[in-house]
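Take a look at the structure set out below.
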């Protein structure tokens with residue numbers, strides 16, 4: 052069964068990577084990475100946040116008993132998604148504004164508390180606190196009667212399987228030749244994506 056968890060992660064991990072890419076890639080390219088070590092640290096923190104987010108959703112749904120009957124209340128799903136997109140959007144927009152307009156009062160305030168390491172963790176956390184088909188598949192097994200330890204181990208192995216597809220993020224610092232242009236585009240992209248996530252996928256969906 053636990054071999055199945057790794058295979059499930061490997062077979063569906065591309066979906067997870069594509070879902071996280073619009074958040075992770077602009078963030079990493081927007082930061083002034085000094086070397087591969089800093090790049091790796093930010094990726095690791097992003098992945099830790101993502102894992103914690105996955106586990107948080109799994110525990111919540113387990114407590115609600117949603118998977119016990121192989122059914123997820125659409126309202127629960129909508130609220131989780133809106134919550135995640137609202138915070139992802141807000142974080143993206145504020146980070147992008149901070150980089151592009153450092154003289155603004157709000158940007159100065161954000162800069163006082165913002166650190167790339169905190170940003171990486173929060174981006175991972177809020178991309179993990181969401182729903183996607185691979186997560187459904189894993190969670191249905193986690194709460195399929197294997198017990199707390201067995202379920203946790205299954206989910207961890209599934210997560211490790213999906214994480215293989217995030218390895219390319221470790222190579223962001225190699226784009227030094229074009230980094231200034233890429234960084235500028237990434238910072239603008241963060242603002243646009245942030246507003247889209249916050250308004251159209253988050254805040255406005257719960258009004």
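In the working numbering, the protein residues as written are 52 to 258. No residue lacks a Cβ here, since even glycine has one placed at the ideal position from N, Cα and C.
Item	Value
DSSP on residue 248, reduced to helix/strand/coil?	helix
Secondary structure at residue 154, three-state DSSP: helix, strand or coil?	coil
Nearest to residue 157 by alpha carbon, out of 168, 169, 228, 144?	144
On the criterion of 16 or more Cβ atoms from any shown chain inside 10 Å, does residue 213 qualify as buried, or is it exposed?	buried
Measuring alpha carbon to alpha carbon, tell me which residue in 236, 76, 56 is nearest residue 219.	76
Going by other Cβ atoms of all chains shown within 10 Å of its Cβ, with 16 needed for buried, is residue 126 buried or exposed?	exposed
Alpha carbon to alpha carbon, how far is residue 72 from residue 230?	18 Å
Hey, how far is the Cα of residue 162 from the Cα of residue 179?	25 Å
Indicate whether the contact test is met: 3 or more Cβ pairs, each with one atom in the segment 132-141 and one in the segment 62-72, closer than 8 Å.	no
Just to confirm the assignment, what range does the alpha helix (DSSP H) spanning residue 174 have?	167-179
Hey, out of 97, 133, 94, 210, whose CA is closest to residue 11's CA?	This structure cannot speak to residue 11, because the chain is shown only from 52 to 258.
Whole angstroms is fine: what's the gap from residue 148's alpha carbon to residue 222's?	25 Å
Identify which residue in 243, 242, 257, 237 has its Cα closest to the Cα of residue 80.	237
Between which residues of its own chain and residue 96 is the CB-CB distance below 6 Å, once the five residues before and five after are set aside?	168, 171, 172
Is the beta carbon of residue 217 closer than 7 Å to that of residue 56?	no
Can you look up residue 55 in the DSSP assignment and give me helix, strand or coil?	helix
If you draw a straight line from the C-alpha of residue 176 to the C-alpha of residue 227, how long is it?	28 Å
Are residue 224 and residue 87 touching if we call contact CB-CB under 7 Å?	yes
Does DSSP put residue 145 in a helix, in a strand, or in coil?	helix
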